[in-house]
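K.L.:
Under our numbering, residue 322 is the last one in the sequence shown; the count climbs by one each step, no gaps.
In this text, a Cβ means the ideal position worked out from N, Cα and C, and glycines have one as well.
Note that the coordinates shown come from a computational prediction; the quantities given were computed from them, not determined experimentally.
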Amino acid sequence: MTSKKKIALYWCSSCGGCEESVLDLAEDILMVAEKADIVFWPIALDFKYKDVEALDDREIAVTLINGCIRMDEHEEKVRLLRKKSEVLMAHGSCAHLGGLYGLGNFFERQDLLDRSYKEVPTMNNPDGTLPQSQTMESGRELKLAGFQDRVRALNQVADVDYYIPGCPPTPELIKDAIVMTLEGRLPPKGSVLADTKALCDTCPRRDSRPEKLRIKAFKRLHQTVWDPARCFLDQGLICLGPATRGGCRGRCIQANMPCRGCFGPTDHVADQGAKSLSFLASMIDSTDEQELERIMDSIPDPAGLFYRYSLPTSMLKGKVSK
Ligand code: SF4
Ligand code: SF4
Numbered sequence: 001m002t003s004k005k006k007i008a009l010y011w012c013s014s015c016g017g018c019e020e021s022v023l024d025l026a027e028d029i030l031m032v033a034e035k036a037d038i039v040f041w042p043i044a045l046d047f048k049y050k051d052v053e054a055l056d057d058r059e060i061a062v063t064l065i066n067g068c069i070r071m072d073e074h075e076e077k078v079r080l081l082r083k084k085s086e087v088l089m090a091h092g093s094c095a096h097l098g099g100l101y102g103l104g105n106f107f108e109r110q111d112l113l114d115r116s117y118k119e120v121p122t123m124n125n126p127d128g129t130l131p132q133s134q135t136m137e138s139g140r141e142l143k144l145a146g147f148q149d150r151v152r153a154l155n156q157v158a159d160v161d162y163y164i165p166g167c168p169p170t171p172e173l174i175k176d177a178i179v180m181t182l183e184g185r186l187p188p189k190g191s192v193l194a195d196t197k198a199l200c201d202t203c204p205r206r207d208s209r210p211e212k213l214r215i216k217a218f219k220r221l222h223q224t225v226w227d228p229a230r231c232f233l234d235q236g237l238i239c240l241g242p243a244t245r246g247g248c249r250g251r252c253i254q255a256n257m258p259c260r261g262c263f264g265p266t267d268h269v270a271d272q273g274a275k276s277l278s279f280l281a282s283m284i285d286s287t288d289e290q291e292l293e294r295i296m297d298s299i300p301d302p303a304g305l306f307y308r309y310s311l312p313t314s315m316l317k318g319k320v321s322k
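1) Spatial neighbours of residue 321 within its chain, please: CB distance less than 8 Å, with the 5 preceding and 5 following residues excluded, ordered by chain position.
2) Taking DSSP as the reference, what is the three-state secondary structure of residue 141?
3) Alpha carbon to alpha carbon, how far is residue 59 from residue 41?
4) Would the beta-carbon of residue 199 fall within 7 Å of that of residue 146?
5) Would you identify the three-state DSSP class for residue 288, choosing helix, strand or coil?
6) Between residue 180 and the rest of its own chain, which residues show a CB-CB distance below 6 Å, the 5 nearest in sequence each way excluded?
7) Can you look up residue 85 in the DSSP assignment and give me helix, strand or coil?
8) I'd like the ranges of any alpha helix (DSSP H) spanning at least 4 consecutive residues and lying wholly in the stretch 200 to 266.
9) What residue does the alpha helix (DSSP H) around residue 179 start on, and which one ends it?
10) Here's the rule I'm using: 16 or more other beta-carbon atoms within 10 Å means buried, otherwise exposed. How should residue 96 be labelled?
11) Do residue 151 and residue 104 have their CB atoms nearer than 7 Å?
12) Tell me the residue span of the beta strand (DSSP E) that contains residue 70.
13) Drop a sphere of 10 angstroms on the beta-carbon of residue 247, count the other beta-carbons inside from all chains shown, and report buried for 16 or more, exposed for fewer.
14) Along the chain, where does the alpha helix (DSSP H) containing residue 35 start, and where does it finish?
15) Which two residues bound the contiguous alpha helix (DSSP H) that contains residue 109?
16) Assign residue 50 to buried or exposed, taking buried as 16 or more other Cβ atoms, counted over all protein chains shown, within 10 Å of its Cβ.
17) Just to confirm, is the Cβ distance from residue 318 to residue 47 under 7 Å?
18) What are the start and end residues of the beta strand (DSSP E) that includes residue 5?
19) With DSSP run on the structure shown, which of helix, strand or coil describes residue 294?
20) Quick check on residue 268: does DSSP put it in helix, strand or coil?
21) Using DSSP bridges, identify the partner residues of residue 60.
22) Give a yes or no on contact between the stretch 33 to 40 and the stretch 86 to 94, applying the rule of three or more CB pairs nearer than 8 Å.
23) Indicate whether residue 217 and residue 298 have their beta-carbon atoms separated by less than 7 Å.
24) Quick one: does the C-beta of residue 232 sit closer than 6 Å to a heavy atom of ligand 2?
25) Tell whether a beta-carbon distance below 7 Å holds between residue 258 and residue 231.
26) Quick test of the definition: if touching needs 3 or more C-beta pairs under 8 Å, does the stretch 166 to 181 touch the stretch 203 to 222?
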């Protein structure tokens, strides 16, 4: 009988990028396999749910779950894995904050189904059939996981011990999280396993960011050639670095792309979108109402920009149901 600790990985509503980020551990995955047995990982290993059910409660040392909760099946499996795990980690911004799919909360469930299965130009569905949880086919009952009303983050369904931020997180953060668990040196429960300060603090362009920024119009990526060494905000391009937790090693900035906020808010900020809006508003160089309107109109999708990763866990939460 092996004395190695056990690890599990699971995905809920996920694009697969967080799973890729585990594969990006490359040879470090061998180090993980040396220290621990992976007992459940649907994308890579052929273990079944019944194998997890057969484990003792809290027998898994750590489970990493990525993706948001949208289907009944996700909720059910998360509850099972919570019961079987000593430590549960939200892996990636979808599990941490609701993530990109959380923007679906700006719409009602029925709107989403109608759009996907009836209205999109490429859909051929003359009877307007929508997915059902139960269907009779040739006298047999078929079951599909139910599509829930809202997107939820992992901690809105289960007790989460730690959060690995990012869309997706860096392999270094994932490795550190696993090693810290196996070596029993985790920080206090509830910690986000990345920097505590905002990205601007460690950004390679921070020295070019002026003390006081004055913005007359927001530009967009395709409108000019960006100076690869100068702060994006100083060039009039929206960068959410001031309202976003650091720890990503400035991957986007180094690729000459502004920060879009995937690491979520810092420890003392409750709502990343509100914080982003507030720091941008403080930089606008005008008091004229019409000009202010013109400047704000130069942001094409403010809600989508400011709440890109965090709508379900924000104060807004999404569209209020009728
Ligand atoms: S956090 Fe990003 S990479 Fe991970 S599942 Fe969500 S969308 Fe994909
Ligand atoms: S605003 Fe963006 S580019 Fe400027 S210092 Fe902060 S993270 Fe870097």
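P.N.:
Quick look at the numbers:
1) The residue labelled residue 321 in the question sits at position 321 within the sequence shown. Excluding sequence positions up to five before and after residue 321, its CB lies within less than 8 Å of the CB of 108 and 149, all in the same chain and listed in chain order.
2) As a position in the sequence shown, residue 141 is number 141, starting the count at 1. For residue 141, the secondary structure class from DSSP, reduced to helix, strand or coil, is strand.
3) Taking the first residue of the sequence shown as position 1, residue 59 is located at position 59. Taking the first residue of the sequence shown as position 1, residue 41 is located at position 41. So the alpha carbons of these two residues sit roughly 16 Å apart.
4) Looking up residue 199 in the sequence shown gives position 199. Looking up residue 146 in the sequence shown gives position 146. Residue 199 is not a Cβ neighbour of residue 146, given a cutoff of 7 Å.
5) For the purposes of this step, residue 288 is taken as the residue at position 288 of the sequence shown. Three-state DSSP puts residue 288 in coil, outside helix and strand.
6) Indexing the sequence shown from 1 puts residue 180 at position 180. 186, listed in sequence order.
7) On the sequence shown, residue 85 is found 85 positions in, with the first residue counted as 1. Correct three-state label for residue 85: strand.
8) Taken in chain order, the whole alpha helix (DSSP H) runs of length 4 or more contained in the stretch 200 to 266 are 251 to 254.
9) Locating residue 179 in the sequence shown gives position 179, counting from the first residue. First-last of the alpha helix (DSSP H) with residue 179: 171 to 182.
10) One-based indexing of the sequence shown puts residue 96 at position 96. Burial check for residue 96: the Cβ neighbour count within 10 Å reaches 16 or more, so the residue is buried.
11) As a first step, residue 151 must be located in the sequence shown, where it is residue number 151. As a first step, residue 104 must be located in the sequence shown, where it is residue number 104. Residue 151 places its beta carbon less than 7 Å from that of residue 104.
12) Walking along the sequence shown from the start, residue 70 turns up at place 70. Counting along the chain, the unbroken beta strand (DSSP E) around residue 70 starts and ends at 69 to 71.
13) Taking the first residue of the sequence shown as 1, we reach residue 247 at position 247. The Cβ neighbour count for residue 247, taken over all protein chains shown within 10 Å, is at least 16; the residue is labelled buried.
14) Along the sequence shown, read from residue 1 onward, the residue named residue 35 stands at position 35. Run containing residue 35: 28 to 35, per the alpha helix (DSSP H) assignment.
15) Position 109 of the sequence shown, counting from 1, holds the residue named residue 109. In the DSSP annotation of this structure, the continuous segment of the alpha helix (DSSP H) that includes residue 109 starts and ends at 109 to 114.
16) As a first step, residue 50 is located in the sequence shown; it is residue number 50 there, counting from the start. With fewer than 16 other Cβ atoms within 10 Å, it is exposed.
17) Counted from its first residue, the sequence shown places residue 318 at position 318. Counted from its first residue, the sequence shown places residue 47 at position 47. The answer is no: Cβ separation not under 7 Å.
18) Taking the first residue of the sequence shown as position 1, residue 5 is located at position 5. Bounds of the beta strand (DSSP E) holding residue 5 are 5 to 11.
19) Numbered from 1 along the sequence shown, position 294 holds the residue referred to as residue 294. In the structure shown, residue 294 sits in a helix (DSSP, three-state: H, G or I).
20) Translated into positions along the sequence shown, residue 268 becomes position 268. In the structure shown, residue 268 adopts coil according to DSSP, grouped into three states.
21) Here residue 60 refers to the residue found at position 60 of the sequence shown. BP columns for residue 60 point to 85.
22) With the cut-off at 8 Å, the stretch 33 to 40 and the stretch 86 to 94 do not touch.
23) As a position in the sequence shown, residue 217 is number 217, starting the count at 1. As a position in the sequence shown, residue 298 is number 298, starting the count at 1. With respect to residue 298, residue 217 sits close: the two C-beta atoms are nearer than 7 Å.
24) The sequence position of residue 232 within the sequence shown is 232, counting from 1. Yes, ligand 2 has a heavy atom inside 6 Å of this Cβ.
25) For the purposes of this step, residue 258 is identified with residue 258 of the sequence shown, where counting begins at 1. For the purposes of this step, residue 231 is identified with residue 231 of the sequence shown, where counting begins at 1. No, Cβ-Cβ distance for residue 258 and residue 231 is not below 7 Å.
26) Not touching, per the Cβ criterion.
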